[in-house]
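Peer 1:
Residue numbers (the working numbering): 1 to 448.
1) Quick check for students: name the residue ranges of the beta strand (DSSP E) that lie wholly in the stretch 362-422, counting only runs of 3 or more.
2) Flag this pair as yes or no: are the beta carbons of residue 224 and residue 174 separated by less than 8 Å?
3) In terms of residues, what are the limits of the alpha helix (DSSP H) holding residue 340?
4) Evaluate residue 287 with the Cβ neighbour count: other Cβ atoms within 10 Å of its Cβ, from every protein chain shown; 16 or more gives buried, anything less gives exposed.
5) Residue range of the beta strand (DSSP E) that residue 39 falls in?
6) Residue 1 to residue 440, Cα distance in whole Å?
7) Go ahead and pull the three-state DSSP assignment for residue 89.
8) May I ask whether a heavy atom of the ligand PLP can be found less than 7 Å away from the beta carbon of residue 181?
9) Please report the straight-line C-alpha distance between residue 114 and residue 211, rounded to a whole angstrom.
10) Is the distance from the Cβ of residue 420 to the Cβ of residue 30 below 8 Å?
11) Classify residue 164 as helix, strand or coil using the three-state DSSP reduction.
12) By the three-class DSSP mapping on this structure, what secondary structure does residue 225 have?
13) Would the beta-carbon of residue 347 fall within 8 Å of that of residue 305?
14) Given this structure, state the Cα-to-Cα distance separating residue 352 from residue 84, to the nearest angstrom.
15) Drop a sphere of 10 angstroms on the beta-carbon of residue 191, count the other beta-carbons inside from all chains shown, and report buried for 16 or more, exposed for fewer.
16) Just how far apart, CA to CA, sit residue 8 and residue 45?
17) When DSSP labels each residue in this structure, what does residue 174 get in the three-state scheme?
18) If contact is defined by three or more beta carbon pairs under 8 Å, each pair taking one atom from either stretch, is the stretch 280-296 in contact with the stretch 375-383?
19) CB-CB under 6 Å to residue 406, same chain, minus the five flanking residues each way: which ones, in chain order?
20) With DSSP as the reference, please indicate the residues paired to residue 13 in a beta bridge.
21) Out of curiosity, what's the CA-to-CA distance linking residue 241 and residue 96?
22) What does the alpha-carbon distance come out to for the pair residue 37 and residue 58?
23) Threshold first: 3 residues or longer. Then list the beta strand (DSSP E) segments lying entirely within the stretch 42-91, N to C.
24) Quick check on this structure: which residue in 284, 220, 178 has the alpha carbon closest to the alpha carbon of residue 256?
25) If you run the structure through DSSP and keep just helix, strand and coil, what is residue 443?
26) So what does residue 302 bridge to, in DSSP terms?
27) Would you identify the three-state DSSP class for residue 151, choosing helix, strand or coil?
28) Do you know offhand how far residue 11's Cα is from residue 72's?
29) Could you check if residue 66 is buried or exposed, using at least 16 other CB atoms within 10 Å of its CB as the buried criterion?
30) Given this structure, state the Cα-to-Cα distance separating residue 276 from residue 235, to the nearest angstrom.
31) Could you tell me the distance, in whole angstroms, from the CA atom of residue 144 to the CA atom of residue 200?
32) Just checking my contact of residue 271 with residue 233 at CB under 8 Å: how many whole Å lie between their CB atoms?
33) Just list the residues that DSSP pairs residue 142 with in beta bridges.
34) Leaving aside the five residues before and after residue 268 along the sequence, list all residues of the same chain whose C-beta is less than 8 Å from its C-beta, in chain order.
35) Where does the unbroken alpha helix (DSSP H) through residue 117 begin, and where does it stop?
36) Measuring CA to CA, which of 217, 428, 133 is closest to residue 338?
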């Protein structure tokens with residue numbers, strides 16, 4: 001039972017109805033007929049039994065008639081957290097999925113990303129991706145931008161303006177990639193990264209922060225990786241990159257970094273594995289590498305749509321969790337064709353079942369476990385679980401109001417269902433039509 005803290009800000013609004021969320025101990029916790037109050041600072045002020053309405057209204061100073069009552073087919077859930085998405089690739093999402101990773105980058109990605117020196121083009125794409133992900137229920141996104149500092153700053157401003165919680169990374173890459181107008185020198189990368197960090201932090205956006213972003217080891221020289229490790233340490237910043245996505249890439253890394261024991265060791269040597277690091281993919285990591293992830297506190301972002309679409313590999317999530325490595329889910333637009341975290345949930349379940357087909361002894365993931373990965377797991381992976389990821393008093397109210405029976409929606413309810421079944425149907429069948437409202441830190445950000 002969680003009671004109000006009378007020292008907190010005044011209660012702003014209250015919901016009554018079903019709450020679903022995860023805790024470290026329980027993949028799915030359901031509270032029916034619950035009261036959830038949000039204070040003027042956007043934090044959860046109390047979570048109580050609905051039968052205590054009169055007592056709580058007196059102690060917290062709100063009018064019982066002002067409560068928002070959820071319908072029988074509705075519930076509140078934590079906002080979903082996309083731990084890996086390339087905002088700059090959104091314009092071609094759903095196309096260009098006919099090549100493996102390294103060829104895909106050179107043929108499609110780098111030419112498109114080079115266009116982001118045009119700030120009008122950047123504004124158009126970034127506005128669309130922030131709006132789309134919010135409508136899809138992504139309250140927190142960890143974004144890759146491009147090498148262009150001003151466009152990357154623009155992404156931060158757009159996320160702030162629309163109210164999304166975001167980590168934004170100016171991409172760093174100083175190796176020749178064959179695209180003449182999309183490259184930077186090591187010095188330029190360092191200088192522009194420092195400028196990006198300084199200017200974004202100077203904006204003092206409460207929920208948008210910079211993240212140090214070496215694209216991946218093959219695109220960066222050793223001196224640049226070393227400098228980025230120092231920059232992250234000196235500014236106490238998050239770090240994001242890619243690791244062990246496909247076998248060709250791993251072979252390339254071995255040739256470029258012969259003194260490193262493994263792909264993971266490359267990042268570890270340059271102080272880029274910390275408890276604020278999230279690495280995308282990890283399909284082919286060894287158990288020894290997973291131990292290093294656990295010891296450093298670094299996290300993985302599982303991006304199954306992309307892994308299937310580019311034929312990269314299948315991550316054994318169960319093995320990662322058994323190694324006590326933090327893990328969240330990512331859409332990896334545009335290697336992943338969908339910007340919806342619901343798709344990431346479904347493809348995660350699919351990937352687990354593929355492993356079961358290959359090995360009958362494999363223990364598949366339950367939908368409850370994957371629900372936790374999409375919410376609390378993501379916040380843990382981004383080291384933001386002290387402020388978001390589930391419903392606890394004192395955390396920010398990042399939440400979705402879901403109506404499983406939304407008019408014109410994709411779900412037909414034949415009979416009255418329990419909350420667990422409603423959640424399962426939403427995760428497997430639902431879309432943005434079922435997401436009635438989206439809140440970030442107590443602010444309603446959807447509808448716009």
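A virtual CB, placed ideally from N, CA and C, is assigned to each residue, including glycine.
Since the structure is predicted, the reported quantities are computational estimates derived from the model, not experimental observations.
Peer 2: Judging by the given coordinates:
1) 399-403
2) yes
3) No alpha helix (DSSP H) holds residue 340; DSSP gives it neither H nor E.
4) exposed
5) 29-39
6) Unreliable placement is indicated for residue 1, whose pLDDT of 44 sits below 50; the coordinate value is still reported in the next sentence. Near 24 Å, if we compare the C-alpha coordinates of residue 440 and residue 1.
7) helix
8) The ligand PLP is not among the ligands present in this structure, which contains no ligands whatsoever.
9) 20 Å
10) yes
11) coil
12) helix
13) yes
14) 19 Å
15) exposed
16) Its pLDDT being 46, under 50, residue 8 is placed unreliably by the model, and the measurement read from it follows with that caveat. Taking the straight line joining both Cα atoms gives about 7 Å.
17) coil
18) no
19) 433, 434
20) 38
21) 22 Å
22) 13 Å
23) 44-49, 74-78, 80-86
24) 220
25) strand
26) 329
27) helix
28) 25 Å
29) exposed
30) 12 Å
31) 15 Å
32) 6 Å
33) 167
34) 292, 296
35) No alpha helix (DSSP H) contains residue 117, which DSSP labels as neither H nor E.
36) 133
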